[in-house]
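Read through the structure below, which is laid out as structure tokens, and then see the notes.
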Amino acid sequence: MKADIGFLGGGQLARMSIQAAQRMGLRCVSLDPGADTPASQIAPAILGSLDDPEAIARVLRGAERVTLENEFIPAHAIREAFELSGANPAILMPGVDTLETIQDKLSQRLALARHGVPSPHAVPAAEGMSALGCPMVLKARFGGYDGKGTRYARTQEDLETLAVYLGDPGWLAEEFVSFHRELAVMVYRTPDWVGAFPTVETVQTNHVCDLVLPCDVDASEIAIAAVEAVGGFGLFGVELFDLGDGRLQVNELAPRPHNTGHYTLDWGGLSQFDVHVRLTLGLPVPSLEGARVAMANLLGQEGAQDFRAASRAAMDSQPDARVHWYGKAEAKPGRKMGHLNLPARPDEAAFELGQRARQAREAFYKGWQR
């Protein structure tokens, strides 16, 4: 019997999507190169490489609908998998064409520019000197995330140090943006339904999302326009720059559930994972409403012990904290191991809510070291 949904990837995003699907009584399967993954702990899994067309074809043959956990699965491998499996490409959401545009960061930038969506001006890295000058940002066109594959050339000396990237066709150059803060919006889009979760502010530490807070800006219009620019259907995380003068720019898109949408697990309405499942199956999505919630990532630490004691410490600090653990085997420093959500109190300012979320996380980390 076929699964209702197949997930290409078996990490925490697949795990939480599968949990949402299972609450609806649905059967799921995931593909992952690891034997003990967050998703495989709760549902059947296929062991195989995410760039192996035959492994992907096994998922396509074994599921009614298929979706992505990440955007790094090569589009050409998925195309070949469809040929091998004989499955209808329409079962995949988002489609391969949209994935191909997004996973090449230069193609993504050019698509946004063609549709008039404000975003940093980008060119092939070889054109960076003549088109942009200093300062500029150099990025790997494929595979970079959380600051990986990003280099900053603020001076001429930096450019000389980074000269090897300027001649590499696998890199792009884009203008350096001096922004006030970073925002994010979870967008959903089908031929019948288009909408967005509330805009949130994201606080980054070492290029990794550290904290997500309620926001006083509505960036849904530009975020939806960005998804339309890449021909996207499904659920998308859209990250943006707030320039501080009323202008917004799109930083990047991800065609899947997103770290910045984890707060929706405890906001009282449909979560981003509920919506992801609905979109994958072609089910309707109602208007989305919920309470104000902060989210703090829980990263791996040196000397980490039992996360259960850490969770108790967090809840001792903030009794209304909700800890979500991903079930990863090893707490490598800096690795996303879980997150905690903290609902806002009546009339609580976002800054105060953020402070309480940080306090709960610090208590978690101290409890983790015992």
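Going by the working numbering, the sequence shown opens with residue 888, and the numbers climb by one from there. Just so it is clear, CB atoms sit at the ideal spot from N, CA and C, and this is done for glycine as well. Bear in mind the structure is a predicted one, so any value in this text is a computation, not a measurement.
| Excluding the five sequence neighbours on either side, which residues of its own chain have a C-beta within less than 6 Å of the C-beta of Val1064, listed in chain order? | Excluding positions up to five away in sequence, the list reads Pro1007 and Phe1128.
| Roughly how many angstroms lie between the CA atoms of Gln1256 and Arg1209, to the nearest whole one? | Gln1256 and Arg1209: Cα-Cα distance of roughly 20 Å.
| Between the region 1178-1190 and the region 1224-1239, do at least 3 Cβ pairs fall closer than 8 Å? | Flag = yes, the region 1178-1190 and the region 1224-1239 touch.
| query | Does Asp1203 get closer than 9 Å to chain D when you measure Cβ to Cβ? | reply | Protein chain content of the structure displayed is limited to a single chain, and chain D is not contained in it.
| Length of the line joining the Cα atoms of Ala1191 and Ala1218 | About 7 Å.
| request: Could you name the residues that DSSP lists as bridge partners for Met1023? | output: Met1023 pairs with Ala1040 and Glu1062.
| query | With burial defined as no fewer than 16 other Cβ atoms inside 10 Å of the residue's Cβ, what is the status of Met980: buried or exposed? | reply | Buried, by the Cβ-count rule.
| task | Check whether the region 934-947 touches the region 904-918, taking contact to mean three or more Cβ pairs, one atom from each stretch, closer than 8 Å. | result | Yes: the two stretches touch, three or more of their Cβ pairs being nearer than 8 Å.
| query | By the 10 Å Cβ neighbour count, where 16 or more other Cβ atoms means buried, how is Asn975 classified, buried or exposed? | reply | In summary, Asn975 is exposed, with fewer than 16 beta-carbon neighbours lying within 10 Å of its beta-carbon over all protein chains present.
| Any heavy atom of the ligand FAD within a distance shorter than 8 Å of the CB on Leu999? | Because no ligand of any kind appears in the structure shown, any question about the ligand FAD cannot be addressed here.
| task | Taking Ile960 as the reference, give the member of Leu997, Glu951, Ala1141 and Ala1244 with the closest Cα. | result | Its Cα nearest to that of Ile960, the residue Ala1141 stands out among Leu997, Glu951, Ala1141 and Ala1244.
| said: Am I right that Ala930 and Ile905 are in contact with their C-beta atoms under 8 Å? What's the rounded C-beta distance? | reply: Right, their Cβ atoms sit about 5 Å apart.
| Sub-9 Å separation of Ala964 and Ile978 beta-carbons | Not closer than 9 Å, so no.
| said: Does Gly898 pass the burial test, meaning 16 or more other C-beta atoms within 10 Å, or should it be called exposed? | reply: The residue in question, Gly898, is buried, as its Cβ has 16 or more Cβ neighbours within 10 Å.
| field | Val1162 - DSSP class collapsed to helix/strand/coil | value | Helix at Val1162.
| Just reading off the beta strand (DSSP E) that Leu1185 is part of, what are its end residues? | It spans Val1180 to Leu1186 - the beta strand (DSSP E) in which Leu1185 sits, taken as one unbroken run.
| task | Output the boundary residues of the beta strand (DSSP E) element that contains Trp1212. | result | Unbroken beta strand (DSSP E) run through Trp1212: Arg1209 to Trp1212.
| query | What three-state label does DSSP hand Ile960 in the structure shown? | reply | Here Ile960 sits in coil by DSSP.
| task | Examine the Cβ distances between the region 1002-1016 and the region 1103-1114 and report whether three or more of them are shorter than 8 Å. | result | The region 1002-1016 makes contact with the region 1103-1114; the number of CB pairs closer than 8 Å reaches 3 or more.
| For the putative contact between Leu993 and Leu895, defined by C-beta atoms under 8 Å, what is the C-beta separation to the nearest angstrom? | Not quite, the Cβ-Cβ distance comes to about 23 Å (not below 8 Å), so this is no contact.
| How many Å lie between Gly1148 and Glu987 at the Cα? | Taking the straight line joining both Cα atoms gives about 23 Å.
| said: Between which two residues does the beta strand (DSSP E) holding Gln1136 run? | reply: Going by DSSP, Gln1136 is part of the beta strand (DSSP E) stretching over Leu1135 to Ala1141.
| Can you name the residues that DSSP bridges to Val1099? | Partner(s): Thr1089 and Met1182.
| Close Cβ partners of Thr1037 (< 8 Å) along its chain, the five nearest in sequence each way excluded | Once the five neighbours on either side are set aside, the close Cβ partners of Thr1037 are Val1024, Leu1025, Lys1026, Ala1027, Gly1031 and His1094.
| query | Should the region 1119-1135 be called in touch with the region 1070-1082, which here means at least 3 C-beta pairs below 8 Å? | reply | When Cβ pairs closer than 8 Å are counted between the two stretches, the region 1119-1135 is seen to touch the region 1070-1082, the count reaching three or more.
| field | CA nearest to the CA of Ala1060, picked from Ala1013, Gly1241 and Val1090 | value | Scanning Ala1013, Gly1241 and Val1090 for the CA closest to the CA of Ala1060 turns up Ala1013.
| request: Identify every residue that forms a DSSP beta bridge with Phe1128. | output: Residue pairing from DSSP places Phe1128 in a beta bridge opposite Glu1069 and Gln1136.
| message | Let's test the definition: count the other Cβ atoms within 10 Å of the Cβ of Met903 and tell me whether it reaches 16, buried, or not, exposed. | response | The residue in question, Met903, is buried, as its Cβ has 16 or more Cβ neighbours within 10 Å.
| Which two residues bound the contiguous alpha helix (DSSP H) that contains Arg952? | Here Arg952 belongs to no alpha helix (DSSP H); instead the beta strand (DSSP E) covers Ala950 to Leu955.
| request: Below 8 Å on the Cβ atoms is my guess for Cys1021 versus Ala1040; work out the distance and round it to an integer in Å. | output: Between Ala1040 and Cys1021 the Cβ distance is about 6 Å, and since that is below 8 Å, they are a contact.
| So which of Asp1132, Val1072 and Asp991 has the shortest CA-CA distance to Asp1105? | With distances taken between Cα atoms, Asp1105 lies closest to Val1072.
| task | Could you spell out where the beta strand (DSSP E) holding Ile933 opens and where it closes? | result | Ile933 -> beta strand (DSSP E) spans Ala932 to Leu934.
| said: Are the CB atoms of Phe1238 and Ser1204 within a distance shorter than 9 Å? | reply: If you check the CB distance, Ser1204 and Phe1238 do not come in under 9 Å.
| Three-state secondary structure assigned by DSSP to Val1117 | Shown here, Val1117 sits in coil according to DSSP, grouped into three states, outside any helix or strand.
| Residue from Tyr1150, Gly1225 and Gly1241 with nearest C-alpha to Pro925 | Nearest of Tyr1150, Gly1225 and Gly1241 to Pro925, Cα basis: Gly1225.
| message | I need the straight-line Cα distance from Asp1045 to Pro1011, nearest angstrom please. | response | Cα to Cα, Asp1045 sits roughly 18 Å from Pro1011.
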